[in-house]
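Before any comments, here is the structure.
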Amino acid sequence: MRLPTHGGERDGAGRKPAGAKAAVSHARRPALSRHHPVHVTLRVRREVWNLRSQRCCRAIASGFANGKRRAGFGLVHFSVQGNHLHLIVEAENAVRLARGIQGLAIRIARSLNRVMQRRGKVFADRYHAHALKSPRETAHSMVYVLRNFARHAAQWGARIACTWVDPFSSAAPSVAGAGPPARELCVPPRTWLLRVGWRCASATPPAADGALT
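Shown next, in the form of structure tokens:
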């Protein structure tokens, strides 16, 4: 006689993700070539303070400074938005990418929790990653990341000059106006697409303290 059982693997079993947890697919990530930079987005939980403040951004900068480089991984560009981070990174493969982002996220979460005097999770879900495979795609991604706040401001109806440099990004001479130099929070690019390739595209990113000109 076959007895009923509980648990085990069944089609459609388990609680379904909802809200922020449903934002990023948990499917296995595709293989990554070391020749392709990656645009990464990290979102924080609703209860986390606005990241575009000096105290929060300095805490994030501390995480960048300590986690910008590890074996097979490097942080090249970033911008800090109110409730998410945009990063452009390089990694030897998908495993190095995952470990590098995990290391950054842990350092940033610890720093932000100290500022907010709280414990618990800071980031809402897994990071979103998009590999950049062409000069045009890379250039557009750099513009998107470094001028992301200007893009949001335009949606609100505000006008920001094309020469404006976001102080909460790696394009600024110093982070949040009085923080550490942005160049100390990133590593020089190693991939051809981030060193030279993006220049072949029509979209020209804003200069990052002279580093991209």
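Numbering (my numbering), first residue to last: 16 to 228. Just so you know, even glycine gets a beta-carbon here, dropped at the ideal spot from N, CA and C.
In three-state DSSP terms, what is residue i?
i: residue 89; result: strand
i: residue 53; result: strand
i: residue 46; result: coil
i: residue 146; result: strand
i: residue 63; result: coil
i: residue 164; result: helix
Counting C-beta neighbours from all protein chains within 10 Å, is the total for residue i 16 or more, i.e. buried, or is it exposed?
i: residue 173; result: exposed
i: residue 126; result: buried
i: residue 199; result: exposed
i: residue 96; result: buried
i: residue 135; result: exposed
i: residue 74; result: buried
i: residue 60; result: exposed
i: residue 145; result: exposed
i: residue 204; result: buried
i: residue 37; result: Confidence in residue 37 is poor, its pLDDT being 46 and thus under 50, which makes the residue's placement too unreliable to answer from.
Within the same chain, show all residues whose beta-carbon is closer than 8 Å to that of residue i, passing over the 5 residues directly before and after it, in chain order.
i: residue 153; result: 52, 147, 208, 209, 212, 213, 216
i: residue 150; result: 208, 212, 213, 214, 215, 216
i: residue 81; result: 122
i: residue 50; result: 206, 207, 208
Provide the residue span of the alpha helix (DSSP H) that contains residue i, from first to last.
i: residue 152; result: 150-161
i: residue 123; result: 109-131
i: residue 80; result: 69-82
i: residue 207; result: 207-210
Out of curiosity, what's the CA-to-CA distance linking residue i and residue j?
i: residue 66; j: residue 98; result: 6 Å
i: residue 187; j: residue 112; result: 25 Å
i: residue 55; j: residue 71; result: 20 Å
i: residue 182; j: residue 196; result: 11 Å
i: residue 178; j: residue 166; result: 13 Å
i: residue 156; j: residue 185; result: 14 Å
Give every residue of the same chain whose Cβ lies closer than 7 Å to the Cβ of residue i, excluding the five residues on either side of it in the sequence, and list them in chain order.
i: residue 116; result: 55, 142
i: residue 124; result: 137, 138
Between which residues of its own chain and residue i is the CB-CB distance below 6 Å, once the five residues before and five after are set aside?
i: residue 108; result: 47
i: residue 192; result: 182
i: residue 89; result: 105, 202
Going by DSSP, what residue range makes up the beta strand (DSSP E) through residue i?
i: residue 103; result: 99-106
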